[in-house]
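Participant: Numbering (the UniProt record's numbering), first residue to last: 1 to 131.
(1) For residue 59 and residue 18, I'd like the C-alpha separation in whole angstroms.
(2) Where does residue 45 fall in DSSP's three states?
(3) Comparing alpha-carbon positions, which option in 90, 95, 61 lies nearest residue 105?
(4) Alpha carbon to alpha carbon, how far is residue 56 from residue 65? Give it in angstroms, no decimals.
(5) Between which two residues does the alpha helix (DSSP H) carrying residue 117 extend?
(6) Check whether the Cβ atoms of residue 54 and residue 84 sit closer than 9 Å, and answer yes or no.
(7) Which residue from 116, 34, 125, 22 puts its Cα closest to that of residue 45?
(8) List the endpoints of the continuous alpha helix (DSSP H) containing residue 77.
(9) Can you tell me the Cα-Cα spacing of residue 49 and residue 86, whole angstroms?
(10) Does the separation of the CB atoms of residue 51 and residue 78 fall below 9 Å?
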(Lines of atoms letter the chains of each structure in order from A; the text may use other names.)
(Lines give C-alpha, C1' and ligand atoms only; values in the text may rest on other atoms or scores of the structure.)
Protein backbone atom coordinates (compact mmCIF):
# COMPACT_ATOMS: atom_id res chain seq x y z
CA UNK A 1 0.00 0.00 0.00
CA UNK A 2 1.24 3.48 -0.82
CA UNK A 3 2.33 5.79 1.97
CA UNK A 4 0.54 9.11 2.43
CA UNK A 5 3.40 10.93 0.69
CA UNK A 6 3.32 8.49 -2.24
CA UNK A 7 -0.47 8.82 -2.46
CA UNK A 8 -0.16 12.62 -2.60
CA UNK A 9 2.50 12.34 -5.30
CA UNK A 10 0.34 9.95 -7.32
CA UNK A 11 -2.71 12.18 -6.91
CA UNK A 12 -0.69 15.20 -8.03
CA UNK A 13 0.66 13.35 -11.07
CA UNK A 14 -2.84 12.17 -11.98
CA UNK A 15 -4.10 15.77 -11.86
CA UNK A 16 -1.18 16.96 -14.00
CA UNK A 17 -1.72 14.15 -16.48
CA UNK A 18 -5.43 14.93 -16.67
CA UNK A 19 -4.65 18.54 -17.55
CA UNK A 20 -2.07 17.43 -20.13
CA UNK A 21 -4.60 15.05 -21.70
CA UNK A 22 -7.15 17.85 -21.96
CA UNK A 23 -4.58 20.01 -23.74
CA UNK A 24 -3.58 17.11 -25.96
CA UNK A 25 -7.22 16.52 -26.84
CA UNK A 26 -7.45 20.03 -28.28
CA UNK A 27 -4.27 19.48 -30.31
CA UNK A 28 -5.52 16.16 -31.68
CA UNK A 29 -8.72 17.73 -32.95
CA UNK A 30 -6.83 20.38 -34.91
CA UNK A 31 -3.79 18.38 -36.07
CA UNK A 32 -3.09 16.33 -39.16
CA UNK A 33 -1.00 13.23 -38.52
CA UNK A 34 -0.85 9.51 -39.17
CA UNK A 35 -3.95 7.51 -38.21
CA UNK A 36 -1.58 4.85 -36.90
CA UNK A 37 -0.14 7.25 -34.32
CA UNK A 38 -3.65 8.11 -33.17
CA UNK A 39 -4.52 4.41 -32.96
CA UNK A 40 -1.46 3.68 -30.82
CA UNK A 41 -2.31 6.62 -28.58
CA UNK A 42 -5.89 5.39 -28.23
CA UNK A 43 -4.62 1.92 -27.29
CA UNK A 44 -2.32 3.39 -24.64
CA UNK A 45 -5.10 5.55 -23.19
CA UNK A 46 -7.44 2.56 -23.20
CA UNK A 47 -4.85 0.52 -21.33
CA UNK A 48 -4.53 3.21 -18.65
CA UNK A 49 -8.33 3.49 -18.44
CA UNK A 50 -8.70 -0.26 -17.96
CA UNK A 51 -5.99 -0.33 -15.30
CA UNK A 52 -7.63 2.58 -13.47
CA UNK A 53 -10.97 0.74 -13.62
CA UNK A 54 -9.45 -2.41 -12.09
CA UNK A 55 -7.66 -0.41 -9.38
CA UNK A 56 -10.92 1.37 -8.56
CA UNK A 57 -12.73 -1.97 -8.34
CA UNK A 58 -9.93 -3.33 -6.12
CA UNK A 59 -10.16 -0.34 -3.76
CA UNK A 60 -13.95 -0.55 -3.62
CA UNK A 61 -13.85 -4.22 -2.68
CA UNK A 62 -11.24 -3.54 -0.01
CA UNK A 63 -13.39 -0.77 1.47
CA UNK A 64 -16.34 -3.18 1.55
CA UNK A 65 -14.13 -5.77 3.28
CA UNK A 66 -14.62 -8.14 0.36
CA UNK A 67 -12.04 -10.17 -1.52
CA UNK A 68 -10.29 -7.78 -3.92
CA UNK A 69 -8.58 -10.67 -5.73
CA UNK A 70 -11.84 -11.31 -7.57
CA UNK A 71 -10.85 -8.50 -9.97
CA UNK A 72 -7.84 -10.50 -11.17
CA UNK A 73 -9.96 -12.23 -13.84
CA UNK A 74 -10.98 -8.79 -15.12
CA UNK A 75 -7.32 -7.76 -15.23
CA UNK A 76 -6.41 -10.98 -17.06
CA UNK A 77 -9.18 -10.42 -19.60
CA UNK A 78 -7.93 -6.90 -20.23
CA UNK A 79 -4.40 -8.18 -20.74
CA UNK A 80 -5.60 -10.81 -23.22
CA UNK A 81 -7.54 -8.15 -25.14
CA UNK A 82 -4.50 -5.82 -25.26
CA UNK A 83 -2.15 -8.65 -26.27
CA UNK A 84 -4.56 -9.60 -29.05
CA UNK A 85 -4.60 -6.03 -30.35
CA UNK A 86 -0.82 -5.75 -30.20
CA UNK A 87 -0.47 -9.07 -32.07
CA UNK A 88 -2.82 -7.81 -34.78
CA UNK A 89 -0.89 -4.54 -35.04
CA UNK A 90 2.43 -6.39 -35.29
CA UNK A 91 0.98 -8.61 -38.02
CA UNK A 92 0.17 -5.50 -40.03
CA UNK A 93 3.66 -4.13 -39.34
CA UNK A 94 5.23 -7.37 -40.58
CA UNK A 95 3.07 -7.38 -43.71
CA UNK A 96 4.00 -3.78 -44.48
CA UNK A 97 7.69 -4.52 -43.82
CA UNK A 98 7.85 -1.98 -40.97
CA UNK A 99 9.15 -4.80 -38.78
CA UNK A 100 11.91 -7.09 -40.02
CA UNK A 101 14.65 -9.30 -38.63
CA UNK A 102 16.67 -6.23 -37.69
CA UNK A 103 13.94 -4.87 -35.41
CA UNK A 104 15.17 -4.70 -31.83
CA UNK A 105 13.59 -7.31 -29.57
CA UNK A 106 12.17 -9.45 -32.36
CA UNK A 107 13.94 -12.64 -31.23
CA UNK A 108 12.66 -12.16 -27.67
CA UNK A 109 9.16 -11.55 -29.02
CA UNK A 110 9.35 -14.76 -31.05
CA UNK A 111 10.40 -16.73 -27.96
CA UNK A 112 7.66 -15.18 -25.82
CA UNK A 113 4.99 -15.94 -28.43
CA UNK A 114 6.27 -19.49 -28.82
CA UNK A 115 6.04 -19.97 -25.06
CA UNK A 116 2.57 -18.44 -24.99
CA UNK A 117 1.45 -20.71 -27.84
CA UNK A 118 2.75 -23.79 -25.98
CA UNK A 119 0.64 -22.84 -22.95
CA UNK A 120 -2.45 -21.86 -24.93
CA UNK A 121 -2.57 -24.88 -27.24
CA UNK A 122 -3.62 -27.39 -24.55
CA UNK A 123 -6.51 -25.14 -23.52
CA UNK A 124 -7.96 -25.45 -27.01
CA UNK A 125 -7.23 -29.17 -27.37
CA UNK A 126 -8.92 -30.04 -24.06
CA UNK A 127 -12.56 -30.82 -24.70
CA UNK A 128 -12.14 -30.04 -28.44
CA UNK A 129 -12.77 -26.32 -28.00
CA UNK A 130 -13.14 -24.52 -31.29
CA UNK A 131 -11.18 -21.39 -32.14
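The beta carbon of each residue, even a glycine, is placed where N, CA and C say it ideally should be.
Facilitator: The short version:
(1) The residue labelled residue 59 in the question sits at position 59 within the chain shown. The residue labelled residue 18 in the question sits at position 18 within the chain shown. Using only the alpha carbons, I get a separation of about 21 Å.
(2) Here residue 45 is taken as the residue at index 45 of the chain shown, counted from 1. It is helical.
(3) Translated into the one-based positions of the chain shown, residue 105 becomes position 105. When each option's Cα is compared against that of residue 105, the closest is 90.
(4) In the chain shown, counting from the first residue as 1, residue 65 sits at position 65. In the chain shown, counting from the first residue as 1, residue 56 sits at position 56. Spanning the two alpha carbons is a distance of roughly 14 Å.
(5) For the purposes of this step, residue 117 is taken as residue 117 along the chain shown, with counting starting at 1. Note, residue 117: alpha helix (DSSP H), 106-125.
(6) Numbered from its first residue, the chain shown carries residue 54 at position 54. Numbered from its first residue, the chain shown carries residue 84 at position 84. No; because the gap between Cβ atoms is not below 9 Å, this pair is not in contact.
(7) Locating residue 45 in the chain shown gives position 45, counting from the first residue. That would be 22, whose Cα lies nearest to the Cα of residue 45.
(8) For the purposes of this step, residue 77 is taken as the residue at position 77 of the chain shown. Residues 72-95.
(9) As a first step, residue 49 must be located in the chain shown, where it is residue number 49. As a first step, residue 86 must be located in the chain shown, where it is residue number 86. Spanning the two alpha carbons is a distance of roughly 17 Å.
(10) Locating residue 51 in the chain shown gives position 51, counting from the first residue. Locating residue 78 in the chain shown gives position 78, counting from the first residue. Closer than 9 Å, so yes.
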